[in-house]
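Chains as they are written, first to last, in the numbering used here: chain A, 13 to 333; chain B, 221 to 559.
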């Protein structure tokens, strides 16, 4: 690799910007059959909750054009099993672990942050605030700047000071910048975007919803333009806040697009289902894309699309050998 | 594209395999792909997950097919059988020799085989019979007697009837329209075949309602039964969590387990057939479920309610297995048909 791919996750330096997206790589174990999990920037785990959780009934998934709908319901083994089994495994493989957490109450999120802070080796915490708030009629935290901020403030307060806290934002809001600002004001060290968009499919033969959960999260290349827009808007408003960009990244060029929009890191999600070795491939392709443009440092192009056209041309020309 | 398993033994590989042949087999297609790494690791009952539609495909989910056979020629080939019933499988059917296909495998747990030379009955519905022939070979190598009981809606949908007749000690065929063998479904003949063949062990693969019935009958005859299930899958490698079903573990607890990595082969009685498509109330982590040690508060369960009895047809990438013909009218639809 010729390009300097180093990037920062808050104050933590990662060797490269390619991560797995939460929920698309389990805790890395299955993926390790196909890629070296220590070679990518970090493994972002499937959201961990306090207690084991069975999730939603099947069918949980529907294929849609260039995308898929899922309604898994955060099935998982709970924090105890995660700390006992999954985290040590990731660390033993030399992988960096960004742990996604999910809860139904502010206190649950805080408790998870505290448990993770007691464990060694957590690179960062990503807070999945796209969960229903059981104390507020099931309204999703991420859709209300006040609720989102409350979660982030609690997590930041209980997480060890040297563990960066990233808030994962939902695109299903009127003003994503407002939620982003609220999270940053509450102490978020960075922002992840985007979570899935809520969608639905109906089976025209049975004439009923395809998913047992009726609606589900839409992901895949179909939502990439939404991700680019969200990253752009938040970068425009909060230029100094680190962003993990995600949503439909399938190739190195797709990753570059999010980087140009302002993401310092890029997570690969649904594409992993299509290609279990996608993270390594996308990292290689991103390197090639940057090299082809004469760019020798990734950090030079993060958010570059925001600069006026002429400046961009001059800046790139400087790097062309 | 590494071959090294997380836990040290030979895990699956992802390869770009060259298509050797795509041929019609009655109502189905059989595709042979050069994939040495997969062929070398294969054990009967395992499957492959295939990317469809080419590199820029709008169809993101892999299609899972049980492996019918592996051969040593060309360094190692893998054959799987499918029904060209949706856009993904129609694209596959349109491939020609020398086209390249992205294949991951072998995936899932294989059929366990008995230590002693016992009498085995292999039951298949539709093209769910595909993985049974490699299993039959392995069983015969161990001195087991192999009998076949295959069924489908019509004669052209009974996969491998000739092979079964040629290689099985006995082969019983049923079709719903009576066009081949006895009129009816496989479970109509199961008791008779068990008696005549003095069956010790049953292996079954096919639509879920058939597997359920076979398990019920096996219990009546007090016979062990191994079933290979079909559930809609997105990835086939254990990360997407879409192919879960309620399975009772050795500790007596029900868990929602992934049929791709914890299956597709299960002991029939482990599966809570009546609760497939639901989250049983006593499953680990079900809404309201409390861990015995109960040290932590619960929450966020608002939208995770079970939908009792809803074994509605699934949409998904698992386009393998039978095609539902073995289900009796009025039985629940089979999950797992792709498009």
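Heads up, the beta-carbon is just placed ideally off N, CA and C, and yes, glycines get one too.
Given the structure is predicted, the values throughout are model-derived calculations rather than measurements.
{"Item": "Chain A contact for residue 505 of chain B (CB, 9 Å cutoff)", "Value": "yes"}
{"Item": "Residue 214 of chain A versus A/226, A/140, A/208, residue with shortest Cα-Cα distance", "Value": "A/226"}
{"Item": "Beta-bridge partners of residue 299 of chain B, as assigned by DSSP", "Value": "B/252, B/289"}
{"Item": "Residue 121 of chain A vs residue 21 of chain A beta-carbon contact at 9 Å", "Value": "no"}
{"Item": "Min CB distance residue 483 of chain B to chain A below 9 Å", "Value": "no"}
{"Item": "Nearest candidate by alpha-carbon position, reference residue 206 of chain A, set A/27, A/270, A/113", "Value": "A/270"}
{"Item": "Alpha-carbon spacing of residue 191 of chain A relative to residue 288 of chain A, whole angstroms", "Value": "33 Å"}
{"Item": "Beta bridge counterpart(s) of residue 423 of chain B as assigned by DSSP", "Value": "B/342, B/446"}
{"Item": "Proximity below 9 Å, CB of residue 253 of chain B to CB of residue 233 of chain B", "Value": "no"}
{"Item": "Through-space distance from residue 241 of chain B to residue 247 of chain B, alpha-carbon basis", "Value": "17 Å"}
{"Item": "For residue 202 of chain A, the residue or residues it bridges with in DSSP", "Value": "A/178"}
{"Item": "Min CB distance residue 96 of chain A to chain B below 9 Å", "Value": "no"}
{"Item": "Chain-ordered neighbours of residue 50 of chain A on chain B, where CB pairs are closer than 8 Å", "Value": "By Cβ distance, chain B contributes nothing, its closest Cβ being about 12 Å from residue 50 of chain A, past 8 Å."}
{"Item": "Close Cβ partners of residue 238 of chain A (< 7 Å) along its chain, the five nearest in sequence each way excluded", "Value": "183, 206, 209, 259"}
{"Item": "Chain A contact for residue 266 of chain B (CB, 9 Å cutoff)", "Value": "no"}
{"Item": "Cβ-based burial, residue 168 of chain A [other Cβ within 10 Å; buried from 16]", "Value": "buried"}
{"Item": "Cβ separation of residue 279 of chain A and residue 57 of chain A, assumed to be a contact under 8 Å, to the nearest whole Å", "Value": "The Cβ separation is near 12 Å, so there is no contact."}
{"Item": "Euclidean distance between Cα positions of residue 352 of chain B and residue 235 of chain A", "Value": "41 Å"}
{"Item": "Where residue 349 of chain B falls: helix, strand or coil (DSSP)", "Value": "helix"}
{"Item": "Chain C contacts from the stretch 232–257 of chain B (Cβ-Cβ distance under 9 Å)", "Value": "Of the chains in the structure shown, none is chain C; the protein chains are A and B."}
{"Item": "Nearest residue (CA-CA) to residue 456 of chain B, options B/445, B/436, B/442, B/478", "Value": "B/478"}
{"Item": "Proximity test, Cβ basis, 9 Å: residue 265 of chain A and chain B", "Value": "no"}
{"Item": "Selected residue, minimal CA-CA separation from residue 369 of chain B, among B/382, B/361, B/471", "Value": "B/382"}
{"Item": "Inter-stretch contact at 8 Å, needing at least 3 Cβ pairs: the stretch 23–31 of chain A / the stretch 422–440 of chain B", "Value": "no"}
{"Item": "Counted within 10 angstroms of its Cβ, other Cβ atoms place residue 267 of chain A as buried (16 or more) or exposed", "Value": "buried"}
{"Item": "Exposure label - residue 403 of chain B; buried when at least 16 CB within 10 Å", "Value": "exposed"}
{"Item": "Assigned exposure category for residue 230 of chain B - 16 Cβ within 10 Å defines buried", "Value": "exposed"}
{"Item": "Min CB distance residue 303 of chain A to chain B below 9 Å", "Value": "no"}
{"Item": "Contact set between the stretch 282–297 of chain A and chain B, restricted to residues whose Cβ is under 9 Å from the partner", "Value": "282, 283, 284, 285, 286, 287, 288, 289, 292"}
{"Item": "Residues that residue 280 of chain B contacts on chain A, provided the C-beta gap is smaller than 8 Å", "Value": "75, 78, 79, 80, 232, 233, 282, 283, 285, 286"}
{"Item": "Neighbour flag for residue 349 of chain B against chain A, beta carbons, 9 Å", "Value": "no"}
{"Item": "Identity of the residue in A/281, A/317, A/286 nearest residue 37 of chain A by Cα", "Value": "A/281"}
{"Item": "Contact with chain A by residue 312 of chain B, beta-carbon distance below 9 Å", "Value": "no"}
{"Item": "Neighbour list for residue 508 of chain B in chain A, Cβ cutoff strictly below 7 Å", "Value": "Going along chain A, no residue has its Cβ under 7 Å from residue 508 of chain B, so there is no contact; the nearest lies around 10 Å."}
{"Item": "The stretch 416–423 of chain B / the stretch 432–446 of chain B touching (three or more Cβ pairs under 8 Å)", "Value": "yes"}
{"Item": "Environment of residue 1 of chain A [buried if 16+ CB atoms lie within 10 Å]", "Value": "Past the boundaries of the shown model lies residue 1 of chain A; chain A is included only from 13 to 333, so the question cannot be answered."}
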